[in-house]
Each structure stands twice: as C-alpha cells, then as structure tokens.
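Colleague: Structure in structure tokens, see below.
Numbering (this note's numbering), first residue to last: 1 to 252.
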C-alpha cells in the first residue's frame, strides 16, 4: 500500500469516527425507567375533616326516674310495702261476702264480750271456732306453726317471743277468736293447710266473718343482704288492723 493510500485510509477512518461520535451526541441513550414495571399502589383516601369536639355541658345531666339508682337501705330499716317478702299465695279477701242483713248487722257490731279469752290449740276445734264466729261476728286469728322444720321453727319462735307476747298484741287478741294449729302429717291438718295455703309458717291468718278465706299477716321482711328480719311491732299491728273488719278499728 502506498503512502497516499495509507493517508486516505486514515482520513476516512477519522471521518467515520467523527460521524459516529456526532450520532451518539444527537441521540443520547435514554435512562431506564424502572417505574413502568412497578405495581401500582392504591391511592390513599382523602382525609376527611374531623368532627368538631362536643361542647362541654354547663351542668352534669340529671338522671330521670326510670334510670335512677336507688340508695341501699339501712340494715335495720323496714322496707316499703312493695319490698316486703311475703310467702306465696298472699291475697287479701274482704269480709262480709253476700251475708244476710242480720249477719251484716252482727259483723258491724260484734259481740266482743262473748269472745272466748282462751286460745284453742287443737285442729279438731276448727268447727267450734267457726261456729263461735257466726254467733259473735268476731274475726278469727288462725295460727299455723311447724316445729319440725328448723328454719320455720325459728321464725315461729321469733314471732311468738317478739310479737305475740307484747302487751299491745295481747290486748288486741282479747277480741279475736284464736286457734293455734301445729302442722303435722295428719290428713285433717293437711286439708286446713291447703285450704288456707299455709305453705310456710308461721302462718298467721285473719278470717273475717262471712269469708271462707284468710288474710295473711307476715311479720318478716328480707333486708338488703337477703336476711330475714322482724318488722316493727307498729307495722305488724297496722297489717292486723287492715286485715280485720272495720268494727275492730276502735281497738287500735
């Protein structure tokens, strides 16, 4: 190869190299965009404006009656009549049911002087007691006691010592025909227990003239701890008065 050809070849090579360099400058290499291959993430939800804080009340709200919390009663305080724990089947029955005018007059003005002062203590005296009631127009106090059940025996003793022996009670009993029955397994006694629904003793019933049912007097109540308590004597006497005929109001 001659010198001229060599020079021409070198010049051509330089020209070609310059052209390639110019192309690389005009068409720069694009940068790899990685974001096109990434998984799209869900857009965050727009922020909602927060609710304004409630205004503070100027005074604490007052509870209405249905939601008011009752205060606990004192241990020795007698409950209201609605809270009295009576045995089942307590149902007052008014006296003087469909009686003759003559008997009604006797009920309004009983023969208190003819009322026996003794206490009948035999279930076989029941018919005698009811006959005396027809003759005098007086109320009958029927008392069932059960000395064979420990719990009931204690309640009966409590009533006898704390109520029945008090002077106000004894004075009032002078005008009542009294019958005391000890609960046993005898058929006749069971029939009387069923008749008056004396399912729990002491069973103290006032039988008004002209009535075949008794109004029960229950001298106990349960306190806030579910313990049996004896009512105040005045409360028991009030029940006795309400269970008796109006003619007995003069003795209270």
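Ideal Cβ placement from N, Cα and C applies to all residues, glycine included.
1. Does residue 245 pass the burial test, meaning 16 or more other C-beta atoms within 10 Å, or should it be called exposed?
2. Between residue 177 and residue 183, how many whole angstroms is the CB-CB distance? I'm expecting something under 8 Å.
3. Per DSSP, which one or two residues make a beta bridge with residue 179?
4. Check each candidate in 205, 220 and 198 and name the one with the smallest Cα separation from residue 241.
5. Is the segment 157-171 close to the segment 96-107, with three or more CB pairs under 8 Å?
6. For the putative contact between residue 140 and residue 179, defined by C-beta atoms under 8 Å, what is the C-beta separation to the nearest angstrom?
7. Spatial neighbours of residue 252 within its chain, please: C-beta separation below 7 Å, excluding the five flanking residues on both sides.
8. Of the residues 5, 221, 7 and 207, which one's Cα is nearest the Cα of residue 133?
9. Between the beta-carbon of residue 112 and the beta-carbon of residue 136, is there less than 9 Å?
10. For residue 126, which three-state DSSP category applies?
11. Exposed or buried, what is residue 225 when buried is set at 16 or more other beta-carbons lying within 10 Å of its beta-carbon?
Modeller: Let's see:
1. buried
2. Actually they are not in contact, since the Cβ atoms of residue 177 and residue 183 sit about 20 Å apart, beyond 8 Å.
3. 120 and 142
4. 205
5. no
6. 6 Å
7. 237 and 241
8. 207
9. yes
10. helix
11. exposed
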